[in-house]
Each structure stands twice: as C-alpha cells, then as structure tokens.
Amino acid sequence: MRKNDDKVIIEKLRNLETRNEAFNDIVNKYSQQLYYHIRRMVIDHEDANDLVQDSFVKAYTNLDKFRFDASIYTWLYRIATNTCLNFLDRQKRMSTFSALSYEDTLADKIEAHSYFDGDELQKTLQKAILKLPTKQRLVFNMKYYDDLKYSEISEILKTSEGGLKASYHHAVKKIEKYINED
Amino acid sequence: MSYNRLIMKNLNDIKKENNFKTPAGYFDTLNNEIKEKIENDVQQKNSSLFQIFKPYIYMAASLILLATGIKFGLHTFVDPKPIIGGSNIENIANVENSDLLYELYADDMVFYEYLNDTEELYAASNIKDEEIEEYLSQYYIEYELLYE
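Chains as they are written, first to last, in our numbering: chain A, 1 to 182; chain B, 1001 to 1148.
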C-alpha cells in the first residue's frame, strides 16, 4: 500500500524539474514518522529535532544515489537510523568518563517529564527499553512501535530476518524481566 | 511484590501508546524548517566550493593580469622597429646570412679543387700500391686495416 502511494512521488523524483516538489511531498509525508523513530532512540526532543532535520538534508543531498525501484520509506528510515546510531555513538563516547552512563542520562530525562506524559508503567517500560543494547533497542522499537515487518526491518538494517526475530524475542524477554523485577 | 508485577504478566498486558510529546504546533513548522535547512545547506555547499577553489581562482586571475600587463607594457614602451646604425634588424640579418652562405660556398669550392688536384697528383706519380703498403707497415699500422 505504502509502495503504491510512493509511485507518484518516485515518478516526480525521476524528473529534474519536479524533483524538489517530490521531495517536499516526501517531507510532508514522512517527517512525523521519522521524528518519532528518532525520538524513541534519543529520548530528548531537541536532539530528535536536530537529527530528523539532518536526516532529510542527507536524503536530499543523496537523492542521486536513490534506487528508483526501492521504497522511499525504507530508504529514509535507513538514513535516519544511521544518523541516529552515529549520534548515539558520539554521545556514549563523550559520556565515557562521566559518573552517569548515557542510558542513565536518558532515563533521567524520562523521569523529568520533558515532553513525556506516560504513567509509571510506561516510564518503567521506557527505562527497560533503554537497558537493551542499542541495536536490539532499535529492532524492538521498529517492530513494537512502528509495526514494521521483519522484511522491512531487514532491508533497513541489512540484517537477516532470522537474526531480527531472535533479537526481538530476546528484547521482549529482557523487558518483561526488568518490569517484573522493578 | 511490586505494583508492576500485580498488573502484568507479559508485554502484551501493557497498552501500546506513544507517550513522547512535542511542543505545541511543532509538526506545523517542522516541514518548513527542514525545507529551509536544505536550502541553506545547498547554498552553503555552493559557497564552500568557491572557498575551496578561491586560491586557485585568484592565482589564475593574477597570472592573466600579469601576462596582460607585460604585453601592454611591451607594446607601449618598446619600439617594434629599432634603428641600429642606419639599417634595421632585418637588413642586418640579410647581410649576415648572405656572408655566411658565401663562406660556405667558398669552402665547398676549395674542397672540390683540392680533391681534383690530389687525384691529378696521385695519377701523375709512379708510386705503386706495394710501396705504399710497405711504407705503412714500417710505421706499425695494423695489417688488417690495410686490406679492408
């Protein structure tokens, strides 16, 4: 369904005269989804805002590399995910010598109610997700919150579907354990 | 037993909801901010390309300026036909060339006459080949060379 919707945009992307118009359509259509994908990973609104903008700039400057037979959605998701992972790596390196780990800093942000309105159980769930290794957290968010198919996640992360299923299964078990022990 | 343990057994017991909020009207402005950022970024990229090539552009411009200046200076300050001793350079060159050709021609003539004279002298003498060989062998000239 998503692919059919993108056909018109892809046709406009092929034509240099309508390329900018097509990219505006892409921004209008996917900015919100990408924002939340990034936000769940970096927790902080300001960081998510910067990263979603960076992701679209990267997408625009790399339009020539877009394979027109591919899905715009997975292509954008891949760019946003890479941008996000690079950011998280930088933040983790910067917090190497600080008293709090980067994940603990993010957990504090959830507690501080900065644009987060969940109840105690939802906060616990988010803290449990933050305890996961970064890539497992990524897979969990994409499957659980974004309802992506394993085939789509596989295309975005360039990982086997079997590996993704195992990763998601382990993530769920860890989360349930954390919540039940909390 | 904790509060969470009382109400859940597994993940499916938790309501799936998006609790991350944004400032009011955030998504109304986000798309425009993205478009502005793209425009700024493209402009910056273009200007940074100019920054990269700026020294080379300046160097090329100064070379062109220097070459033009030299050409203009030569045209303005140097007489294209200077007078030396009442005749111009072309005439001097012509005179020198004709003298040189004459000398070369004279050399050829002298050599031609010398060859003719030598043959006549050789023919007039009664010296035999054997005598020449004997003379040469006395002065240690290589025997093989004599018969080549």
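Virtual Cβ for every residue (Gly too), placed ideally from N, Cα, C.
Any C-beta of chain B under 9 Å from that of residue i
i	result
A/E176	yes
A/L121	yes
A/L125	yes
A/Y144	yes
A/R39	yes
A/Y185	Not covered by the structure: residue 185 of chain A. The range shown for chain A is 1 to 182.
A/F68	no
A/N141	no
A/N49	yes
A/Q53	yes
A/F187	This structure gives no information on residue 187 of chain A, because the portion of chain A shown stretches from 1 to 182.
A/Y150	no
A/Y60	yes
A/V8	no
A/I179	yes
Buried/exposed call for residue i, threshold 16 Cβ in 10 Å
i	result
A/M142	buried
B/E1036	exposed
Chain A within 9 Å of residue i, Cβ atoms only
i	result
B/P1023	yes
B/I1052	no
B/I1057	no
B/V1042	yes
B/K1071	no
Other residues of its chain near residue i: CB distance less than 7 Å, five sequence neighbours each side excluded
i	result
B/L1146	Caution is warranted here: a pLDDT of 49 is assigned to B/L1146, below 50, making its placement in the model unreliable, and the coordinate value is therefore given only provisionally. If we look at B/L1146 and ignore the five residues flanking it on each side, its Cβ neighbours are E1133, L1136.
A/R256	Residue 256 of chain A lies beyond the residue range present for chain A, which begins at 1 and ends at 182; the question has no answer from this structure.
A/A22	I9, K12, L13
A/E152	T74
A/Y60	F23
B/M1001	Any reading at B/M1001 must be qualified, since the residue scores a pLDDT of 46, below 50, and its modelled position is unreliable; the value itself is stated next. Hits under 7 Å: none found.
Residues near residue i by beta carbon distance below 6 Å, same chain, minus five either side
i	result
A/V139	L164, S167, Y168
A/D25	I9
A/Q91	Y102
A/L130	E103, L106, A107
B/F1072	none
A/Q126	I110
B/K1128	none
Proximal residues of chain B, C-beta to C-beta of residue i below 7 Å
i	result
A/D117	N1019, K1021
A/Q32	F1027
A/H45	T1022
Residue i and residue j closer than 9 Å at C-beta
i	j	result
A/D44	B/K1021	no
A/F87	A/V42	yes
B/N1019	A/E176	no
Cβ neighbours of residue i in the same chain (closer than 8 Å, five flanking residues each side left out)
i	result
A/S31	V52, F56
A/L100	D108
Amino acids of chain A, ordered along the chain, whose beta-carbon sits closer than 8 Å to that of residue i
i	result
B/K1035	N24, V27
is_contact[residue i, chain D] using C-beta, thresh 9 Å
i	result
B/L1065	Included in the structure are the protein chains A and B, with no chain D among them.
Closer than 7 Å at the beta carbon, the chain A residues around residue i
i	result
B/L1011	V172, I175, E176
B/I1014	L121, L125
Within chain B, the residues that residue i reaches when beta carbons sit closer than 9 Å
i	result
A/V183	Because chain A here runs from 1 to 182, residue 183 of chain A falls outside it and cannot be looked at.
Partner residues on chain B for residue i, Cβ-Cβ distance less than 8 Å
i	result
A/Y35	T1022, F1027, L1030
A/F97	Ordered by position in chain B, no residue passes the 8 Å Cβ test against A/F97, which lies about 29 Å from the chain.
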